[in-house]
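Sequential numbering from 92 applies to the sequence shown in our numbering.
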Amino acid sequence: MLLRIFAAIGAAGSVLHTLIAGQAGGALKVTGVMLLRFLEYFFGAHIAYALIMLISTELFINKNKPQEKPSKFWLWHLHAVADLLCFYARADVSITGTELIPKDTRYLMVANHRSLADPVVMVHRMPKEELTFISKPGNLKIPIIGKVMHKCGCLPLDRENNREALKTVKAATEYIDKDYASVVIYPEGTRSKQEDMLPFHAGSFKIAQRANVPVVCVALRNTDRVIHNFPLKKTNIYIDVVGVIDAEYVKEHKTKETAQLAQTMIEEKLDAEKKKEDAAAKC
92 MLLRIFAAIG
102 AAGSVLHTLI
112 AGQAGGALKV
122 TGVMLLRFLE
132 YFFGAHIAYA
142 LIMLISTELF
152 INKNKPQEKP
162 SKFWLWHLHA
172 VADLLCFYAR
182 ADVSITGTEL
192 IPKDTRYLMV
202 ANHRSLADPV
212 VMVHRMPKEE
222 LTFISKPGNL
232 KIPIIGKVMH
242 KCGCLPLDRE
252 NNREALKTVK
262 AATEYIDKDY
272 ASVVIYPEGT
282 RSKQEDMLPF
292 HAGSFKIAQR
302 ANVPVVCVAL
312 RNTDRVIHNF
322 PLKKTNIYID
332 VVGVIDAEYV
342 KEHKTKETAQ
352 LAQTMIEEKL
362 DAEKKKEDAA
372 AKC
């Protein structure tokens, strides 16, 4: 798809060159040439950056070597890549409720899961938050991306293997205890392909309970529309921090109860926004 975009840009450039050639000099010609040079350097720089990242991951990242903590170097690059992906995908991401996010403690962040774009937009719009993600083991096996995820401290969670899942919970708890990063998990366990959310897995909340930290609840909307709208249509994506379950509640209640409360908070926000959309569509 990116090749099509670059081809279209090249075609547009050729047309512009032709138009400029038909002019008898003047400001239009100068402006046109400057625009073409800008486009060449702009997209050329992004392509060069992608190639450097590709070579770097292949040469310098060993996934078999345990990652004690998230690499700040690779986290910086992760944010840069997330910004570029949102730019090229024409994703206009809005965020509300950031004032609710704890500033004096680490936390577990939970959200509904609609698309592979979910972590991308969260990284893009939360640049000041030091976040690492819990993901399916298969995602860390993706060429290049998996290696970067490994260096950024992303942890695989195999829900079919209790022993391995417990190791991940312990590792995530350690990230929080040692103040390395806050942890993001999608408690549904997989992407929901329907409007209704899947039930939250109570085990996801063991991290917050063990680390004695609050749970930040986030509602994501429209991330699943990016793939359908790209590249012709812009996608408006919304991230809403709907509330925080304090550490005391998490400590005193069963993980199942915390999971139910978190899901209710997110569902109520999604339902309210859906009603607004339906009402606006009828007008």
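Heads up, the beta-carbon is just placed ideally off N, CA and C, and yes, glycines get one too. Keep in mind that this is a model prediction, so the values were computed, not measured.
Which residue comes first and which comes last in the beta strand (DSSP E) that contains Thr187? 182-187
When we look at the beta-carbon of Gln158 and count the other beta-carbons within 10 Å, is it buried (16 or more) or exposed? buried
Taking the alpha helix (DSSP H) that Thr346 belongs to, which residues open and close that run? 346-373
Classify Phe224 as buried or exposed, calling it buried when 16 or more other Cβ atoms lie within 10 Å of its own Cβ. buried
With a CB to CB cut of under 8 Å and the five nearest residues on each side skipped, what residues in its chain are close to Ser283? Asn203, His204, Arg205, Leu289
I believe Leu222 touches Ser273 by the beta-carbon criterion, under 8 Å. Please report the beta-carbon distance rounded to the nearest angstrom. 6 Å
For the segment 230-311, which segments carrying the beta strand (DSSP E) assignment without a break, of at least 3 residues, lie completely within its bounds, in sequence order? 273-276
Taking Cβ to Cβ, would you say Ile328 is nearer than 8 Å to Ala182? yes
Looking only at its chain, what residues have a beta carbon closer than 6 Å to the beta carbon of Leu191, apart from the 5 residues adjacent to it on each side? Val332, Val335
I need the straight-line Cα distance from Gly188 to Ile330, nearest angstrom please. 9 Å
Is the segment 194-203 touching the segment 304-321 in the sense that three or more CB pairs, one from each, lie closer than 8 Å? yes
From Arg216, Asn303, Val239, residue whose alpha carbon lies closest to that of His344: Asn303
Taking the alpha helix (DSSP H) that Asn320 falls in, what are its first and last residues? 317-320
For the structure I just gave you, are there three or more beta carbon pairs, one from the segment 264-279 and one from the segment 292-302, closer than 8 Å? yes
Three-state class that DSSP yields for Ser147 in the structure shown: helix
Per the contact definition of three or more C-beta pairs closer than 8 Å, is the segment 162-170 in contact with the segment 228-247? yes
Is Ala208 helix, strand or coil when you go by DSSP? coil
DSSP puts Val341 in a beta bridge; with which residues? Val341 pairs with nothing; no bridge assigned.
Please report the straight-line C-alpha distance between Arg250 and Val211, rounded to a whole angstrom. 23 Å
Rounded to the nearest angstrom, what separates Gln387 and Ala350 at their Cα positions? In the structure displayed, the chain extends from 92 to 374; residue 387 sits before or after that span and is not available.
Can you have a look at Ala115 and say buried or exposed, based on whether 16 or more other CB atoms are within 10 angstroms of its CB? Its pLDDT being 46, under 50, Ala115 is placed unreliably by the model, and the measurement read from it follows with that caveat. Exposed.
Among the residues of its own chain, which have a CB less than 8 Å from the CB of Asp174, if the five just before and after it don't count? His215
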